[in-house]
Amino acid sequence: MTLRPRRSVLYMPASNQKAIDKARNLPCDAVILDLEDAVAPDAKDMAREQAVAAVKAGGFGRREVIIRVNGLDTPWGEADLAAAASVGPDAVLAPKVNDAGDVARYDARLDHAPGHTKLWAMIETCRVLFHLESTAAASRTSRLTAWVMGANDLVKETGARLTTTREALWAPLSLSVAAARIHGLSILDGVFNGLDDPDGLERQCRQGLEFGFDGKTLIHPNQVEIANRVFAPTPDEVNFARAVIAAFALPDNAGKGAIRVDGKMAERLHLVQAERIVAVAEAILAA
Ligand code: COA
Ligand code: MG
C-alpha cells in the first residue's frame with residue numbers, strides 16, 4: 002500500500018460551499034466534508050447534497066476526500082451512509098464509535114461502496130477508551146484504516162478542561178496511538194480550537210507529533226501550513242534515516258544488530274523507523 006501524507010487534514014462543514022471550493026486549492030493533505038457536528042439540523046440535507054456533488058465533481062487533486070457522516074443513532078445517519086457509499090470518497094468517517102460492534106455496523110453500510118472507499122472512525126467517547134485494542138482489531142474484518150481523535154467530544158463527555166498542553170487527554174491520546182499501531186492504523190490528532198493562535202497551534206502540533214500521530218485535523222485554512230511543517234520529517238531526520246538505511250545495506254553490517262552511524266548508535270529497530278521517515282518524506286515530495 003502506498004503511504005499517503007496526512008500532515009494536515011482540514012474539516013469543513015459540507016453546508017459551506019465556499020469552504021469546499023476553497024479546499025480544492027489549499028495545501029492540505031486531506032479534506033473532511035463534515036455532515037455531523039459542524040452542520041445545524043436544518044442544513045443536514047443540503048450539506049449531504051453538497052458533499053455528494055463535491056465528491057462527484059472532484060478537482061481535489063492529490064488530496065484525500067473524506068465524508069464525516071452523522072451517527073447511526075441519529076435521524077440522518079442512514080441517509081448519509083447511503084449517499085457516501087454511492088459516491089465513493091476515499092473514506093467515510095464514522096463519529097462516536099464505541100467498540101468493534103459499531104465499526105461493523107458502519108462497515109456493513111459500505112458493503113456496496115467502491116473498494117477504494119475506506120472506513121475511518123472518531124475516537125471521542127468515554128466508552129471506546131475501554132475498548133481501544135478490540136476496536137482497532139476490527140480493521141482485520143472491515144474497511145477500517147484510520148482513527149481520528151475527537152478532542153472536543155472527549156472533553157465534553159469527561160467534563161475535563163481543555164488546555165493547549167492537554168494534560169487531561171494524555172492517557173487517551175497515547176493509548177489510542179498504541180492501539181492504532183498494534184493493528185497498523187493511521188491515527189490523526191484532534192483539532193486545536195484557537196483560530197488566531199499560531200503559536201498555540203504549533204505547540205500542540207509538535208505535541209501530537211511527539212505522541213506519535215501521523216498528522217493533525219484542522220478547522221481553518223490558516224492552520225494548514227503549520228501542521229504541514231511540523232509533521233514533515235526535517236531534512237536532518239531524512240538525511241540520518243538515509244544514512245542508517247545505507248549503513249545497514251553494507252555487506253560488512255549484514256550480520257550486525259547495532260552499528261555506528263554519524264556518531265550515533267543505530268539498531269535494526271532504527272532501520273524500521275528510518276524506512277518509515279524516508280517513506281513519509283517521499284510521499285510528501287510526490288504529493
Ligand atoms: N475549510 C475551508 N475554508 C474555510 C474553512 C475551512 N474549515 N474555514 C474558513 N474557510 C474560508 C472561509 O470560507 C473564508 O473564505 P473566503 O475568504 O473566500 O470568504 C476564509 O476561509 C476565511 O474564513 P474566516 O472568516 O476566517 O472564518 P469564519 O470566521 O467565517 O469561520 C469557522 C470560522 C470556525 C466557523 C470556520 O473556520 C469553520 O467552519 N471551520 C470548520 C469547522 C468544522 O468543520 N468543524 C468540525 C470538526 S471540529
Ligand atoms: Mg465529535
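Take 2 as the starting number for the sequence shown in my numbering and just add one per residue. For glycine and all other residues, C-beta sits at the position ideal for the given N, C-alpha and C. In this text, all values refer to a predicted model and were calculated from it rather than measured experimentally.
Assuming residue i and residue j form a contact by the criterion Cβ under 8 Å, report the distance between their Cβ atoms to the nearest whole angstrom.
| i | j | result |
| --- | --- | --- |
| Arg69 | Asp35 | 5 Å |
| Lys97 | Glu125 | 6 Å |
| Ile246 | Ala282 | About 12 Å separates the two Cβ atoms, so there is no contact after all. |
If you follow the alpha helix (DSSP H) that residue i is part of, which residue opens it and which one closes it?
| i | result |
| --- | --- |
| Lys45 | 45-58 |
| Gly201 | 199-212 |
| Glu79 | 78-88 |
| Thr159 | 152-159 |
| Glu238 | 236-250 |
From residue i to residue j, what does the alpha carbon distance come to, in whole angstroms?
| i | j | result |
| --- | --- | --- |
| Leu61 | Asn254 | This sequence places Phe at residue 61; Leu is not what is there. So the alpha carbons of these two residues sit roughly 45 Å apart. |
| Glu37 | Ala15 | 9 Å |
| Asp100 | Glu134 | 9 Å |
| Leu196 | Gly258 | 47 Å |
| Gly151 | Met266 | 38 Å |
| Cys127 | Pro252 | 51 Å |
| Ala48 | Leu130 | 30 Å |
| Gln18 | Val225 | 19 Å |
| Gly40 | Gln51 | With the sequence shown as reference, residue 40 is identified as Val, and Gly is not the correct amino acid for it. Their backbone Cα atoms lie some 12 Å apart in a straight line. |
| Asp103 | Val93 | 14 Å |
| Pro199 | Leu186 | 29 Å |
| Ala137 | Asp81 | 23 Å |
| Met2 | Arg182 | With a pLDDT of only 48 at Met2, under 50, the local geometry of the prediction cannot be trusted, and no value is derived from it. |
| Glu211 | Leu145 | 24 Å |
So residue i is in the beta strand (DSSP E); what residue range does that whole segment cover?
| i | result |
| --- | --- |
| Trp171 | Counting along the chain, Trp171 falls outside any beta strand (DSSP E), though it belongs to the alpha helix (DSSP H) covering 171-183. |
| Val32 | 31-35 |
| Ser135 | Segment 133-138 is the alpha helix (DSSP H) holding Ser135; no beta strand (DSSP E) there. |
| Pro14 | 9-14 |
| Cys120 | Here residue 120 turns out to be Leu, not Cys, going by the sequence shown. Segment 119-124, the beta strand (DSSP E) holding Leu120. |
| Lys265 | 265-268 |
| Gly216 | 216-219 |
Taking a contact to mean a Cβ-Cβ separation below 7 Å, would you say residue i touches residue j in this structure?
| i | j | result |
| --- | --- | --- |
| Glu244 | Val262 | Inspection of the sequence shows that residue 244 is occupied by Ala rather than by Glu. Yes; because the gap between Cβ atoms is below 7 Å, this pair is in contact. |
| Trp121 | Ala147 | yes |
| Ala248 | Ile278 | no |
| Gly213 | Val156 | no |
| Cys29 | Leu11 | yes |
| Thr118 | Gly89 | yes |
| Ile220 | Val239 | no |
| Leu176 | Thr218 | no |
| Arg63 | Ala284 | no |
| Ser140 | His184 | yes |
Any Cβ of chain C within less than 7 Å of the Cβ of residue i?
| i | result |
| --- | --- |
| Ala15 | Of the chains in the structure shown, none is chain C; there is only one protein chain. |
The segment 18-28 contacting the segment 231-248, beta-carbon criterion three pairs below 8 Å: no
I want to know whether the segment 197-212 touches the segment 159-169 - three or more CB-CB distances under 8 Å. yes
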